[in-house]
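Using this note's numbering, read the sequence shown as starting at 8 and increasing by one per residue. Glycine included, every Cβ here is placed at the ideal spot set by N, Cα and C. On a predicted model such as this, the values are computed, not experimentally measured, just so you know. Reviewing the structure listed below.
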Amino acid sequence: MISYRAIVPADLHRVTAWVVTEPVGWIPADRYLAELAEDMYRPEWTWIAEAGDRVVGRALWWGPRDSAYPVALDCLDVDPAVGERTAVAAGLIRAALAGFPRPVQYAIKAAGGRRDDADTSAAVEWRRAAAHAAGLTREVERLQFEWAPADGTPAATGALRFAEASDEEFLAVFTRIAEGSLDAQTRASVAAKGVDATAREEMDFYLGAPGKREWWRIAYTHEGEVAGMAIPSATPYSVNVGYLGVVPELRGRGYVDEVLAEITRIHAANGETRVTATTDVGNAPMAAAFRRAGYRNTEIRINLSNDLRP
């Protein structure tokens, strides 16, 4: 008989002793304890599956330090000796979700080329099946990229001019870029909520991110037309590309390379040694732009959620 519950402080040693041996991303003890101290992991967000007095599974949920509820499942694992790992993992997710009223997501992280490696594929698939069974059925596969100074800082070509702007001006560009976007989350949000609401939510998300508002730039052509925008941003762990785009009528002219280069230059000028970025597997033009800019594909993420944001 398997039972599920959130831990109490006395259980911490049982959680931190857990080691994931499969080739997927997971949270080791030192990171868990460090972020537990900052309220980004919490006992009430840390769930275990028990068979009698033995811990046979764990699910570590993460959230911002000022959040009442978690927003992401960071680590999911079940002891192979249990047998049906998918069923136990699905039970873990369901038990936690019953107390989490806000939408959440689960990102299964694996090295690139996961379909070519049987062990990696198997590790991903049982977790993916568990998430679907528990109601995290919105799925987007994304590519994770990284840039470092050794990859080369792109020089400004002068093809576009970049300038700071007001929130109102940025909101207008968010709205224009959302039209015809290849990003899966944006497309789903536009279909469900409309362009205006989608633009507002996207802008609010980046205003609330750890990146600095003064980094943001709108891109202009030499004729003074708005061409797009560059929003360097950050997570609690690293700076990232954040959001970029070109307005519909100017797409296909190579401006995306200029916008991405501006973001890279801003981070490089700030002395950053690692910049991350993600895009959907289905957004081939954006993935190609990252590669042209010297960004390296480091992993694949299968994002599963019960919300529009992957």
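In this structure, the CA atom of A226 is about 27 Å from the CA atom of A198. The C-beta distance from L150 to I273 rounds to 22 Å, too long to meet the 8 Å contact threshold. In the structure shown, A170 adopts extended strand secondary structure according to DSSP, grouped into three states. Just measuring C-alpha positions, the residue of P239, T127, R224 sitting nearest A284 is P239. Annotated as distal: A206 and A234, with beta-carbon spacing of 8 Å or more. A residue is called buried when at least 16 other Cβ atoms come within 10 angstroms of its Cβ; S10 does not meet this threshold and is exposed. Secondary structure note for A140: its alpha helix (DSSP H) is the uninterrupted segment 125-140. A Cβ-Cβ contact shorter than 8 Å links R65 with D84. Note that the C-beta distance between I100 and V31 is not below 8 Å.
Remark: fewer than three beta-carbon pairs, one from each stretch, lie closer than 8 Å, so the stretch 86-95 and the stretch 287-307 are not flagged as touching.
Out of A88, D60, G106, V111, the CA that lies nearest to the CA of P71 is found in V111. Within the DSSP bridge table, the entry for E306 names A118, Q151 as partners.
Between the stretch 264-272 and the stretch 161-172, the count of C-beta pairs closer than 8 Å reaches three or more; the two stretches touch. Taking 8 Å as the upper bound for CB-CB distance, A44 and G98 are not in contact here, some 29 Å apart. In this structure, DSSP gives I9 an extended state, which the three-state scheme calls strand. In this structure, the alpha-carbon of G187 lies about 48 Å from that of V62.
Collapsing the DSSP output to three states places A216 in coil. V63 carries a strand assignment under DSSP once its states are collapsed to helix, strand and coil. Linking V78 to T242 through their CA atoms gives a straight-line distance of about 14 Å.
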